[in-house]
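Trainee: Right, I'll just put the structure down here and ask away after.
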Amino acid sequence: MTKVKNGDVVRIHYTAKLSDGSAIDTSHGREPLEIKVGAGQIIDGLDRRISGMTVGEMNTVTIPAQEAYGPHDEAKVLTMPRSGVPEGTMVGTRLRGTTPDGQRKEFTVVELDDEKVTLDANHPLAGEDLVCDVTVLDVVKT
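Residues in the sequence shown are numbered from 310 upward in steps of one, following our numbering.
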């Protein structure tokens, strides 16, 4: 059996879930994902766990938040006057803006009242452990 190693281009199917079992993404129902193993094209924790798998193997792997989208960083949460966001903004709305240090970021509105709004610049999955079912379909190029 062909074992996957760093540098191989492989085709995989996957389903990513939160630790409570709710699915957040899948390649099933569309073309398999083609990646170069070890090239950083997918989250680090999954990338590293594909290496060593064999063609046809299905594996369920748990990826800690640090190896997925990182820990939730409270320094990336900020509060500002409600007047600083567009009319019609609701909790869950994604906005683009500039952080106090001048970086362009996407923010998620996490709290909102008549006077203030709380924005979170963390990735929406930051702080979440992931469980991925992954199947290596084939090695396209070694």
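We put the beta carbon where it would ideally sit given N, CA and C, even for glycine.
Within the stretch 322 to 360, note down every full alpha helix (DSSP H) run reaching 4 residues or more, in order along the chain.
Mentor: 353 to 359
Trainee: Kindly indicate the opening and closing residues of the beta strand (DSSP E) around residue 368.
Mentor: 367 to 372
Trainee: Within 10 Å of its beta-carbon, does residue 396 have 16 or more other beta-carbons around it, so buried, or fewer, so exposed?
Mentor: Counting C-beta atoms within 10 angstroms of its own C-beta, residue 396 has fewer than 16 neighbours from the protein chains shown and is therefore classed as exposed.
Trainee: Select from 385, 379, 330 the residue whose C-alpha is nearest the C-alpha of residue 430.
Mentor: 385
Trainee: Per DSSP, residue 389 forms a beta bridge with which residues?
Mentor: DSSP, once it has assigned bridges, lists 426 as partnering residue 389.
Trainee: With DSSP as the reference, label residue 376 as helix, strand or coil.
Mentor: In this structure, residue 376 counts as helix in the three-state DSSP scheme.
Trainee: If you drop the 5 nearest sequence neighbours on each side, which residues of the same chain put their C-beta closer than 6 Å to that of residue 434?
Mentor: 378
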